[in-house]
Amino acid sequence: MATRAGVWIDHKQAVVVLITDAGVELKKVAFAVEQPARPASSSRSKNKYTPNDFIAEDRRERKVASGRKQVYEKVLALVRGADALLVLGPGEAKGEFSKHITSKKLRGLKVELKTTDKLSDRQLAAKVSEHFTGAPLREATA
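Under the numbering used here, think of the first position of the sequence shown as 39, with each following residue one higher.
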């Protein structure tokens with residue numbers, strides 16, 4: 039059986055599930071990138087600031103985008119060698135990750151996207167296994 043992979047991803051973390059002949063393996067990657075802060079609309083600070091106290095919004099967004107690309111590279115490195123990839127997630131991160139994979143022009147990797155809410159590790163492993171085999175993952179009993 040070839041290696042199959044599933045990734046649940048949002049802008050806070052990614053959980054990678056690898057299904058091989060040896061079994062199921064889970065790996066987590068946390069995003070260490072801080073999200074851009076939104077300015078408060080009606081609150082005004084009583085401190086006086088100089089122009090050098092602020093970082094330009096576009097500069098902050100570029101930094102966040104660069105950090106996300108680094109995390110996408112880490113996740114992509116974990117799924118290298120997989121024949122098929124199922125990308126799951128609740129929002130925009132799965133689409134961004136899919137575009138990142140497409141930009142790398144990987145041959146032979148079939149990528150599918152599905153929208154899901156937050157899943158536990160067991161639920162994620164079962165969902166990925168069920169997607170690729172058609173039967174739910176069963177745990178061995180001792």
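Virtual Cβ for every residue (Gly too), placed ideally from N, Cα, C.
Note down, one range per segment and in chain order, each beta strand (DSSP E) of at least 3 residues found wholly within the segment 95-163.
Within the segment 95-163, the runs of beta strand (DSSP E) at least 3 residues long that lie entirely inside it are, in chain order, 122-127 and 148-153.
Just to confirm, is the Cβ distance from V117 to A43 under 8 Å?
Yes, Cβ-Cβ distance for V117 and A43 is below 8 Å.
I'd like to check one pair, D121 with T41: are the Cβ atoms closer than 8 Å?
Yes, these two residues count as a Cβ contact at 8 Å.
With a CB to CB cut of under 6 Å and the five nearest residues on each side skipped, what residues in its chain are close to Y110?
These residues qualify, in order along the chain: F135 and H138.
According to DSSP, is K65 helix, strand or coil?
Strand.
Whole angstroms are fine: how far does the CA of A94 sit from the CA of G127?
Straight-line Cα distance between these residues: approximately 30 Å.
Strand pairing of A60, partner residues [DSSP]:
The beta-bridge partner set that DSSP reports for A60 is empty.
Buried or exposed (CB count within 10 angstroms, at least 16 for buried), S167
Classification of S167: buried, given that the 10 Å Cβ count is 16 or more.
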